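Notes to accompany the following structure.
Number of protein chains: 2
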Amino acid sequence: MRIFMTPFTPPGETREKVYRFVRRRILEELPPTVREVQEAFRFRAVQTAREHLERLVAEGRLVKAHGKSRGYRLPREPGTLFVPLLGRVQAGGLRAAIEECEGYLPVQSRGSEEMFGLRVQGESMTGAGILPGDIVVVRQQAEAASGDIVVALVGDEATIKRLRLRGNGIELHPENPAFTPIVPRAEECTVLGKVVEVRRYLEG
Amino acid sequence: MRIFMTPFTPPGETREKVYRFVRRRILEELPPTVREVQEAFRFRAVQTAREHLERLVAEGRLVKAHGKSRGYRLPREPGTLFVPLLGRVQAGGLRAAIEECEGYLPVQSRGSEEMFGLRVQGESMTGAGILPGDIVVVRQQAEAASGDIVVALVGDEATIKRLRLRGNGIELHPENPAFTPIVPRAEECTVLGKVVEVRRYLEG
DNA sequence: GCGCATACCAGATTTTTGTCTGGTATGCAA
DNA sequence: TTGCATACCAGACAAAAATCTGGTATGCGC
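Protein chains in written order, with my numbering: chain B, 15 to 218; chain W, 15 to 218.
Okay, structure coming up:
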């Protein structure tokens, strides 16, 4: 007569915990093996862990790569990618600036667009809640709509302003009464991309 | 006589590519196996991939968990963790709010502190560049220093204000002249945590 | 009782994966 | 020339991990 450890486990409760465990591990960059799940929950059999995992897959809460180690993943990728954080961008040197970036930022993104982070200098956009020292996350694109906040290369330095289309030309508007709009000639201004996110770190 | 495919590969060039490949894979959440590296570079022998990887470890550019599958990691963890994004927090229900969160935010963090994200309502902190709809990232802590921006539970709703210590008591200061400071009694106010980051998503 | 579901366990097989031993080719410096 | 480094290859072995087969206990509806 064998002893079976089958404490009163309400249906689904253990599975819920397994799901949370696996999700956390995946988000922390290393999905667990079936045996790691087994050990984490003190199952006596690998199969028990496997059954929970396969059930989660059947329910659509996880997806897996059959036969591969650590093959369980979250469905619909959370799509977190790391974009380079640039200190400043000088004329023409976006490529160079990306090579010499200060670090990387985790960013949520659906596509695999080319993006970068840029540290804000100056007070010209405080009216839009963008303060010196903030970081803007920029999606690289040469075109933008009127009203978008963009990063543009004017002269030999990148600047953050609100874009206004005026007939054929463009204007770059600060969001601070102490500054005046820039009306660059087309050939001396390049739109590097659109600001899609603003971040401010209050410590560290 | 065997034929060896040894094209002119400048020293370190292949290794650099291997490093980039592995780093990308790690950041995308599933570190490669040695054989996956082998296949990605069309090496005829696993050992070739292994030598590059071990070399990268020796150089300190990667670290590994010996004997574990997919055991290569980036040194000094980028320490990205995912924190729950809460819509609103009502009296006492921080735990409940975390259970029913709207989603997860990738956040850079050194420790494994308890954190959460909270969507900003109202204009009381616009002077600090915190606008309605912004997201604040909060580290849970019951104590905070004078001058910190905190999330506090006053009455039955969470609010974001700048904390001021006044003798024995506390004051919660808005950063907008149209609002007046709150001077709560100690028993009707709980500091949930300190705002460590502000985010604004400009699209989506 | 019966059938059926969930929840779990035991032991084995098969595949994947990490590791190891010993090799070839090329360039460089002593 | 020798020695030594890098860069690569071949074939194996052993550990780790996924998978499979067949079981026990408990509760629920009929």
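Cβ atoms here follow ideal geometry from the backbone N, Cα and C, with glycine treated the same way.
Every value quoted in this text rests on a predicted model; they were computed, and no experiment measured them.
Please tell me whether residue i and residue j are closer than 7 Å, where the distance is taken between their beta carbons.
i              : j              : result
C115 (chain W) : L95 (chain W)  : no
Y33 (chain W)  : R75 (chain W)  : yes
P195 (chain B) : E185 (chain B) : yes
P45 (chain W)  : R39 (chain W)  : yes
V97 (chain W)  : V121 (chain W) : yes
G141 (chain B) : E189 (chain B) : yes
S83 (chain W)  : S83 (chain B)  : yes
In whole angstroms, what is the alpha-carbon distance linking residue i and residue j?
i              : j              : result
V36 (chain W)  : A72 (chain W)  : 15 Å
R151 (chain B) : F130 (chain W) : According to the sequence as given, residue 151 (chain B) is Val; it is not Arg. Roughly 21 Å between the two C-alpha positions.
G207 (chain B) : G81 (chain B)  : 42 Å
G85 (chain W)  : R69 (chain W)  : 15 Å
R64 (chain B)  : A159 (chain W) : 48 Å
T47 (chain W)  : L67 (chain W)  : 10 Å
P198 (chain W) : L145 (chain W) : 24 Å
E132 (chain W) : V165 (chain W) : The residue you asked about is not Glu; residue 132 (chain W) is Leu in the sequence shown. So the alpha carbons of these two residues sit roughly 9 Å apart.
N182 (chain B) : A200 (chain B) : 9 Å
T20 (chain B)  : G143 (chain B) : Residue placement at T20 (chain B) is flagged as unreliable, the pLDDT there being 45, under the threshold of 50; the coordinate-derived value follows with that caveat. Going from the Cα of T20 (chain B) to the Cα of G143 (chain B) covers about 57 Å.
D162 (chain B) : A156 (chain B) : 12 Å
Q52 (chain B)  : G136 (chain B) : 54 Å
G101 (chain W) : E30 (chain W)  : 44 Å
E50 (chain B)  : V134 (chain W) : 39 Å
T62 (chain W)  : A79 (chain B)  : 26 Å
L41 (chain B)  : L41 (chain W)  : 10 Å
G147 (chain W) : A192 (chain W) : 19 Å
F22 (chain B)  : R87 (chain B)  : The pLDDT assigned to F22 (chain B) is 47, lower than 50, so where the model puts this residue is not dependable; a value taken from the coordinates is nonetheless given after this. Their backbone Cα atoms lie some 29 Å apart in a straight line.
T28 (chain B)  : S123 (chain B) : 32 Å
H187 (chain W) : Y215 (chain B) : 20 Å
V205 (chain W) : T204 (chain B) : 47 Å
P89 (chain B)  : P89 (chain W)  : 27 Å
Which residues in chain B sit within 9 Å of residue i, going by Cβ to Cβ distance?
i              : result
P45 (chain W)  : E43, L44 and R84
V210 (chain W) : Y215, L216, E217 and G218
L76 (chain W)  : Near L76 (chain W) there are no residues of chain B at all, since even the closest Cβ is about 13 Å away, more than 9 Å.
Mind pulling the chain B residues with CB within less than 8 Å of residue i?
i              : result
G122 (chain W) : Reading off the sequence, residue 122 (chain W) comes out as Gln, not Gly. Chain B residues near Q122 (chain W): L119 and P120.
G143 (chain W) : T140, G143, I144, L145, D148 and R214
Just the chain W side, please: which residues come within less than 7 Å of residue i by C-beta, in chain order?
i              : result
F130 (chain B) : None at all; the shortest Cβ gap to chain W is about 15 Å.
F96 (chain B)  : L41
If residue i sits next to residue j, beta carbons under 8 Å apart, how far is it from one beta carbon to the other, in whole angstroms?
i            : j             : result
E6 (chain B) : E43 (chain W) : Chain B is shown from 15 up to 218; residue 6 (chain B) falls before or after that span and cannot be answered.
At 8 Å on the CB atoms, spell out the chain W contacts of residue i, in chain order.
i              : result
I163 (chain B) : L216
So with CB distances below 7 Å, who are the chain B contacts of residue i?
i             : result
I40 (chain W) : E43
Contact the region 146 to 161 of chain B vs the region 197 to 213 of chain B: 3+ CB pairs below 8 Å: Below 8 Å, enough C-beta pairs join the region 146 to 161 of chain B and the region 197 to 213 of chain B to call them touching: three or more.
The region 55 to 74 of chain B / the region 44 to 63 of chain W touching (three or more Cβ pairs under 8 Å): The answer is no - the region 44 to 63 of chain W does not touch the region 55 to 74 of chain B, with fewer than three Cβ pairs under 8 Å.
Given 8 Å, three or more beta-carbon pairs between the region 170 to 188 of chain B and the region 171 to 190 of chain W: Cβ pair count under 8 Å is below three, so no.
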